[in-house]
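From first to last, the protein sequence lines stand for chains A and B. Per the working numbering, residue 16 is the first one in the first sequence, and the count goes up by one each step. Per the working numbering, residue 2 is the first one in the second sequence, and the count goes up by one each step. The beta-carbon is built from N, C-alpha and C at its ideal position, and this holds for glycine as well. Here's the structure, in structure tokens; my notes come after.
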Amino acid sequence: MALDTAAVKRIARLARIAVPESELPHLAGEISGILKWVEQLDAVDTAGVEPMTSVVAVTLPMREDEVTDGGISEKVLANAPDPARGFFTVPKVVE
Amino acid sequence: MPSLTHLTIAGARAGLAAREFSARELAEAHVKALEEIRPLNAFITETAEQALAMARASDARLARREAGWLEGIPLAIKDLFCTDGVRTTAASRILGNFVPPYESTVTANLWRQGAVMLGKTNLDEFAMGSSNMTSAFGPVESPWRRKGDNRKLVPGGSSGGSAAAVAARAALGAIGTDTGGSIRQPGALSGIVGMKPTYGRCSRWGVVAFASSLDQPGPMTRTVRDAAIMLRAMAGHDPKDSTSVPRPVPDYEAALTGDIRGLKVGIPKEYRIDGMPAEIEALWQQGIAWMKEAGCEIRDISLPHTKYALPAYYIVAPAEASSNLARYDGVRYGLRVEGESLIDMYEKTRGAGFGAEVRRRVLIGTYVLSAGYYDAYYIKAQKVRARIAEDFEKAYREVDVILTPATPGPAFAIGEKMDDPIAMYLNDVFTVPVNLSGLPGISVPAGLTSDGLPLGLQLIGRAFDEETLLRAADVVEKAAAFKALPAMVAG
């Protein structure tokens with residue numbers, strides 16, 4: 016499927032990645048090329064095939080629902096770009 | 002005494018045990034080697050001081066006869082493994098200043114066995130690439146050169162810095178991660194051994210995630226024996242990774258008996274691809290001859306869905322990546338670029354923080370997971386993936402291991418294949434099916450091209466049968482007797 020620049024812009028918005036207008040045509044070409052290439056999968060007969068969810072047959076382990084750590088807020092915030100008073104911060108979202 | 006940086010891990014272990022040299026001397030020799038190979042750009046962060054401190058502790062344990070399996074062995078760590086207090090970048094601007102407050106399980110396992118950290122190696126950004134050219138910290142240069150040609154070559158990728166460091170004799174071994182061939186391909190292109198264990202064999206906890214159903218840590222070494230030694234230390238169940246498997250870890254080194262008589266070796270006809278260089282075909286035939294001479298039974302097999310592995314991979318891996326990389330939002334860690342609103346900040350941060358290849362893959366992943374396209378792309382790819390795994394399952398009813406070339410060609414020049422993403426993706430044509438099926442695979446240096454570049458053979462094993470895989474690889478390695486050294490070697 017060929018994507019136009021408007022479609023790429025929409026996907027970039029969904030992915031929350033700023034893409035300069037000038038790069039949209041080139042990117043649309045590249046992504047369209049890759050999508051066209053993966054469409055060869057349509058030739059595979061997958062009738063009755065379950066989509067794979069795990070390569071190794073394991074049952075997910077269960078554990079007690081209890082707190083196993085905590086009290087490390089300094090470590091948690093150590094790499095935050097702009098922490099304040101023990102919190103992460105973001106630009107104002109409500110006026 | 003041979004140069005300390007030219008030893009194998011097994012050789013260094015013996016030398017340390019016999020007190021021929023100390024862990025400190027071994028570490029000092031490698032710290033010097035790190036400086037010598039700096040032009041290769043193999044390391045993002047060197048940790049010389051830490052290496053010397055760890056070596057001192059190793060000497061103390063050696064003196065008390067409390068040596069671990071890797072006591073005093075200097076190793077290089079792909080900069081995708083979180084290391085407590087040591088910057089971990091994933092070769093991305095978005096994590097350029099990230100200093101993890103915790104240690105990945107695999108590296109913690111290595112340190113528990115006495116290994117010494119030399120530094121964090123360069124890679125393709127978020128492990129997305131086959132050349133190490135997508136790193137935000139610049140490409141890694143291979144220590145190899147074509148005969149009579151001084152052009153700079155790639156070491157392969159994504160674990161390119163690890164491969165270059167081991168090949169150039171600046172580390173006795175390294176760890177990498179393999180999502181579509183990121184250990185085996187740079188191993189083959191750099192003339193070293195690269196092993197991807199079975200999915201679930203090594204914990205992924207603390208490894209920066211790319212595609213979680215495919216990622217697997219593994220060793221990169223100069224010999225198969227060294228890979229066996231490292232894997233034993235790295236592997237094991239980890240309650241913090243629910244996909245790590247609660248199985249005992251065997252003594253892989255003990256599996257290297259040199260006897261593979263009667264082993265059934267599958268040769269998949271679909272790996273004979275159009276346009277494959279004659280040298281690769283000849284190497285493959287040579288590998289078949291070696292295994293026959295060792296008493297193996299060679300069988301032609303068919304893995305009919307092989308050609309669909311790459312396109313399926315380029316849906317599944319970007320889909321998982323787009324989900325995993327959603328965490329880089331400029332709020333909790335990593336780069337932040339201020340914006341007028343929350344969404345503006347996300348977009349600017351991610352626009353500035355991700356390189357071109359990562360951006361392309363996140364966009365493709367977002368698209369194939371978006372409403373209306375999910376079934377046509379993602380579910381279809383997961384069904385094809387089931388077909389590919391089924392091919393291997395059927396094959397393993399007849400054979401014990403599968404022998405293939407590791408890559409469709411030798412190392413290429415830095416800057417080549419950058420214009421066409423699909424041409425670059427084709428590097429992994431022989432390695433990707435193994436990840437999609439969760440199987441263990443290993444590349445073994447097996448020969449040189451006419452212009453002097455290394456080529457590798459790949460062996461693929463049954464799930465969790467790394468012992469048979471390593472035993473066979475050890476025999477192939479001995480038959481190949483690969484002794485060539487790269488143009489740039491430390492020490």
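- Message: Short of 6 angstroms in beta carbon distance, which residues of its chain neighbour B:G296, apart from the five on each side in sequence? Order them along the chain.
- Response: R262
Report yes if the C-beta distance between B:P434 and B:T244 is below 8 angstroms; otherwise report no. Not closer than 8 angstroms, so no.
Determine which residues share a DSSP beta bridge with B:A77 and list them.
B:G120, B:A175
Identify the contact partners of B:L343 in chain A, using a Cβ-Cβ distance below 9 angstroms as the criterion. V105, P106, K107, V108
Practice prompt. Output, in chain order, the set of chain A residues within a Cβ distance shorter than 8 angstroms of B:G331.
Written response: P96
Cβ-based burial, B:E104 [other Cβ within 10 Å; buried from 16]: buried
Problem - Beta-carbon separation (whole angstroms), B:L427 vs B:I461, contact threshold 8 angstroms - result: Contact doesn't hold; Cβ gap of about 19 angstroms is too wide.
- Check the DSSP bridge columns for B:Q459 and list the partner residues they point to. B:T405, B:S444
**Asked** So, is the C-beta of A:G48 closer than 8 angstroms to a C-beta in chain B?
**Response** Any Cβ of chain B closer than 8 angstroms to the Cβ of A:G48 would place that residue at the interface, and such an atom is present.
I want to know whether the region 307–324 of chain B touches the region 358–377 of chain B - three or more CB-CB distances under 8 angstroms. Result yes; three or more Cβ-Cβ pairs closer than 8 angstroms.
Short check: CB of B:T169 to CB of B:A175, under 8 angstroms?
-> The residue asked about is misnamed: residue 169 of chain B is Ala in this sequence, not Thr. It is not a contact, given that the beta carbons lie outside the stated cut-off.
Suppose only complete runs of 3+ residues qualify. What are the beta strand (DSSP E) ranges in the region 357–410 of chain B, listed by chain order? 402–406
**Asked** Any idea if A:L75 is buried or exposed, counting beta-carbon neighbours within 10 angstroms, 16 or more meaning buried?
**Response** Around the C-beta of A:L75, fewer than 16 other C-beta atoms lie within 10 Å, and the residue is accordingly described as exposed.
task: Under 7 angstroms Cβ to Cβ from B:A210, same chain only, skipping five residues before and after it: list those, please.
output: D216, N325
Answer with yes or no whether the minimum CB distance from B:R463 to chain A is below 8 angstroms. no
When B:S163, B:L154, B:A15, B:F22 are compared against B:D80, the one with the closest alpha-carbon:
B:S163
Check your understanding: If contact means a Cβ-Cβ distance below 7 angstroms, which residues of the region 307–318 of chain B contact chain A?
Key -> Cβ contacts with chain A: Y309, P312, A313, Y315, I316.
What ranges does the beta strand (DSSP E) occupy inside the region 37–117 of chain B, keeping only unbroken runs of at least 3 residues that lie completely in it?
The region 37–117 of chain B is shown to contain whole beta strand (DSSP E) runs of 3 or more residues at 44–47, 75–79, in chain order.
What residues from chain B crowd round A:E45, counting only those whose CB sits closer than 7 angstroms?
R361, P422
CA nearest to the CA of B:R35, picked from B:A19, B:S131, B:T6:
At residue 35 of chain B the sequence reads Leu, which differs from the Arg that was named. Considering only alpha carbons, the answer is B:T6.
| field | C-beta contact flag for B:Y379 and A:R31 at 8 angstroms | value | Not closer than 8 angstroms, so no.
- Item | Min CB distance A:K24 to chain B below 8 angstroms | no
- prompt: From A:E81 to B:D242, what distance separates their C-alpha atoms?
  reply: Each residue's Cα considered, the two are about 17 angstroms apart.
* Report whether the distance from the Cβ of B:I274 to the nearest heavy atom of the ligand ZN is below 7 angstroms. => This structure lacks the ligand ZN, and indeed carries no ligand of any kind.
Practice item. Identify the contact partners of B:G439 in chain A, using a Cβ-Cβ distance below 9 angstroms as the criterion. Key: Correct list: S69, V70, V71.
**OP:** Closer than 8 angstroms by C-beta to B:T469: which residues in its own chain qualify, once you throw out the five before and the five after it? Chain order, please.
**Re:** Excluding sequence neighbours, B:T469 sits near A256, L264, D401, V402, G462, R463.
Check your understanding: DSSP beta-bridge partners for B:G195?
Key -> B:M221, B:S444
- Query: Does any C-beta atom of chain B lie closer than 8 angstroms to the C-beta of A:R100?
  - Reply: no
- request: Quick one: which residues of the region 120–136 of chain B get their C-beta closer than 7 angstroms to a C-beta of chain A? List them in chain order.
  value: Listed by position along the chain: nothing, the set is empty.
Task: Contiguous beta strand (DSSP E) assignments of at least 3 residues, all confined to the region 59–88 of chain A - done: none
*Classify B:P269 as helix, strand or coil using the three-state DSSP reduction.*
strand
Please list the residues of the region 204–220 of chain B that have a C-beta atom closer than 7 angstroms to any C-beta atom in chain A, keeping them in chain order.
S214
> If you measure from the beta carbon of A:P66 to each beta carbon in chain B, is any gap under 8 angstroms?
Replying inline: yes
- Environment of B:M235 [buried if 16+ CB atoms lie within 10 Å]: For B:M235, the number of other beta carbons within 10 angstroms of its own is at least 16, and it is reported as buried.
* Tell me, please, whether the region 65–77 of chain B touches the region 188–197 of chain B by the rule of three or more beta-carbon pairs shorter than 8 angstroms. => The region 65–77 of chain B, when compared against the region 188–197 of chain B, does not touch it at the 8 angstroms Cβ threshold.
As a quick exercise: from B:P269, B:A313, B:Q287, B:D239, pick the residue whose alpha carbon is nearest that of B:K395. Per the Cα distances, B:P269.
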